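Undergrad: In mature numbering (1 follows the signal peptide of the UniProt record, and there is no 0), the protein residues as written are -20 to -1, 1 to 567.
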Amino acid sequence: MKSGYFISILAVLLFATVKAETTQDENKLVLIPGPVKCEYSENDLIVDDDLEQSTLINCNKTNCTSEDASVSILDNSVTITTNGTYVISGSLDGQLRIEAAKNDFVHLILKGITIKSKNGPSINGVSAEKVTITLEEDNLLEDSENYATDESETTTDACLFINSDLTINGSGSLTVVGNFNDAIRCTKDLKLISGSVTVPSAVRKGINAESSICLKDGNYNINSIDSALSVNQDNDAEKGFIVIDNGKIIINTKDDAIHAETHLTINDGYIDVQTSNEGLEAQMIDILGGEMHIYADDDGINSTEIKPIVNSDKIVTMGSKFNMTEVREMLSGLEGMTTEYLDEFMNYMPNIKINGRSSGDSILSYIKALNGTDIDVILKYVKKISEQDGVSHGIDDDSVYINISGGKVYVTVKGVDIDGIDSNGYLIFGKDAEVYVNIDNGFIFDGMGTVDTEGRKMIEEGTTFFATVYSSFFSIDESKSSKAALDAFINMNNNERSFNFNYVFQPSTKNNIMQPSLKAFILTQQAGTELTVKDSNDEVIFSFTPDCIYNAILLTSPLIKAGDEYTISAGTFEHKFTAFEKTKVKE
């Protein structure tokens, strides 16, 4: 494949319109590459609370008052029935409902209101064309743990539920507790303009929209079991996207931190994913600016096709190809295995989908290689692969990609069978982007790598990319080795013709580094050990502190010159290395 191919891709990436194309396969959605742009209307930015033009609703626990006929108050339920601006304050042990006409615009100003519902959502936007919520002062919404049958059997499944377009803006704050399902859910397009939104807990998703999310600015702190910030729609190429223009986002979740079905575009802002299964996920990912710190148990950043085509004829299971009694016997020999653990392993093993006997053998060999690792970690790996469909969905074209051409991206992933940044299509690091990836077990490139792609990867001139990994296959017991033995070990592994070097750094025609780089095996360093690089003038040109154990590093930046000698130091280790030339892409 010619290098010009990537130049054309970069040109396409500047095209910001999202559009569908026809395809013979009705299950396959064809997207035009991003980045995607959001537009904000007057109704998105409106914050005016002119009291003379507004309807006031004052609440005191179970008693609310309003002088406008458009507000219906019955028992603990307050219902808005027509378009207009409404200011609600006080506290309500009940529910605020919006039942306006389908072409009505409702502007709701939360002015220091606490709404705690004992039966269903705190705010239930049943009908309207659009709802804009403006935040003033501090506000709190909390729903019930169980919904009545007429609520739970519909899509009304969030503490703040709006069955229309929704915008949130203002200078105040909003705390939303999702005790039943999602914290915030919008069935159409969601725009987050300003203000502070906190989701201290959500049984499922934190902030969820059906069609799209545009995040202009503001502060967001989301804690959820399911995805933290997500869009669901996967049947329309003009929907299913998330755009982050600015703002500060803090996320703790047990699933995806930010999940879009089609496009994810990040222009600026600060994103701190403190815990997640996968950090960022979409089919097409464009990171053009901002700063993000991503901690994940699986992939830190993952691009994958929305609706991959699976040929079921190719799929077989471990149970159909292997003697499960023998597999059980093999598993019983793992360190830390108990009868209870063994039973749990065997619940998953027979159902693991594979392409054939050889791939099944590879899985068993990998499990054996993990012997000595915490048994819970091995079980997590087995559970994970049992949930996969067994067929690779990677494609080498421009329909799936990760493009990082600006900003600072820090990715840390710990676990087994993981990737730092994983594109099931192609990947580009370009312009002045800075990308730092550390994983605690695997390789620099490709499967179980700091960067893994099905198609080509291109690290362009001007980019800073630093990766660290611990390769358990090529470590040495330093406490039992002489200095001469350690030096010999380092020299042997840093010979680019050696098996070890090629195995970890995976130099191939699809791994293109378009500027000089340092690739080095070093002695094992524990997480939190700073690494520095000095040039021949003894000047520090680079330093970084990985959050994972490491013994192999790759650094490429505009400061590295091919053929020059650099000193790499970490802990008590210090050694000189010669920088490599840029990759020569084959025509």
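A virtual CB, placed ideally from N, CA and C, is assigned to each residue, including glycine.
All values reported here derive from a predicted model rather than from experimental measurement.
Can you round the beta-carbon distance between Leu195 and Gly227 to whole angstroms, since I take them to be within the 8 Å contact cut?
TA: Contact holds; Cβ gap of about 6 Å.
Undergrad: If Asn257 and Asp235 are in contact, beta carbons under 8 Å, what's the gap, nearest whole angstrom?
TA: Rounded, the Cβ-Cβ distance is 5 Å, consistent with contact.
Undergrad: Assign Tyr328 to one of three DSSP states: helix, strand, or coil.
TA: It is helical.
Undergrad: Could you tell me which of Asp214, Tyr546, Ala542 and Thr155 sits nearest to Ile521, measuring between CA atoms?
TA: Per the Cα distances, Tyr546.
Undergrad: Mark Ser312 as exposed unless 16 or more other C-beta atoms lie within 10 angstroms of its C-beta, in which case mark it buried.
TA: Answer is exposed; the Cβ neighbour count stays below 16.
Undergrad: Which value, in whole angstroms, describes the spacing of the CA atoms of Leu209 and His243?
TA: Cα to Cα, Leu209 sits roughly 14 Å from His243.
Undergrad: Whole angstroms are fine: how far does the CA of Val211 sit from the CA of Asn188?
TA: Taking the straight line from one Cα to the other gives about 6 Å.
Undergrad: So, for Ile26: in the same chain, excluding its five sequence neighbours on each side, which residues have a beta-carbon less than 7 Å away from its beta-carbon?
TA: Contacts found: His87 and Thr112.
Undergrad: Sort Arg184, Gly387 and Gln506 by Cα distance to Asn418 and report the nearest one.
TA: Closest option to Asn418, Cα to Cα, is Gln506.
Undergrad: Going by the CB atoms, is the gap between Ile384 and Ser403 shorter than 8 Å?
TA: No, Cβ-Cβ distance for Ser403 and Ile384 is not below 8 Å.
Undergrad: Straight-line CA distance for Ser549 to Gly100?
TA: Rounded to whole angstroms, Ser549 to Gly100 spans 59 Å at the Cα level.
Undergrad: In the DSSP output, which residue or residues are listed as bridge partners for Ala447?
TA: Bridge partners of Ala447: Val417 and Leu534.
Undergrad: Classify Gly105 as helix, strand or coil using the three-state DSSP reduction.
TA: Three-state result, Gly105: strand.
Undergrad: Less than 8 Å between the beta carbons of Leu407 and Thr433, yes or no?
TA: In contact: Leu407 and Thr433 (Cβ atoms closer than 8 Å).
Undergrad: Between the alpha carbons of Tyr450 and Gly186, how many angstroms are there, rounded?
TA: Their backbone Cα atoms lie some 34 Å apart in a straight line.
Undergrad: For a test of the three-state rule: what should DSSP assign to Tyr20, helix, strand or coil?
TA: Tyr20 falls in the coil class under three-state DSSP.
Undergrad: Look up Lys360 in the DSSP assignment and say whether it is helix, strand or coil.
TA: Helix.
Undergrad: Using 10 angstroms around the beta-carbon of Val10, count the other beta-carbons present and answer buried if the total reaches 16, otherwise exposed.
TA: Burial call: exposed.
Undergrad: Only counting runs of 4 or more residues, tell me where the alpha helix (DSSP H) segments fall wholly within the segment 473 to 503, in order along the chain.
TA: List check, alpha helix (DSSP H) in window: 479 to 485.
Undergrad: Using three-state DSSP, classify Leu344 as helix, strand or coil.
TA: Leu344 falls in the helix class under three-state DSSP.
Undergrad: So, are the CB atoms of Ser516 and Gly405 less than 8 Å apart?
TA: Taking 8 Å as the Cβ cut-off, Ser516 and Gly405 do not qualify as a contacting pair.
Undergrad: Under a three-way DSSP split, which group does Thr319 fall into?
TA: In the structure shown, Thr319 sits in a helix (DSSP, three-state: H, G or I).
Undergrad: Going by C-alpha to C-alpha distance, which of Phe141, Ala108 and Gly316 sits closest to Gly158?
TA: When each option's Cα is compared against that of Gly158, the closest is Phe141.
Undergrad: Does DSSP put Leu9 in a helix, a strand or coil?
TA: In this structure, Leu9 counts as coil in the three-state DSSP scheme.
Undergrad: Here's the rule I'm using: 16 or more other beta-carbon atoms within 10 Å means buried, otherwise exposed. How should Phe445 be labelled?
TA: Buried: at least 16 other Cβ atoms inside 10 Å.
Undergrad: Which first and last residues belong to the beta strand (DSSP E) in which Thr147 is found?
TA: It spans Asp145 to Gly150 - the beta strand (DSSP E) in which Thr147 sits, taken as one unbroken run.
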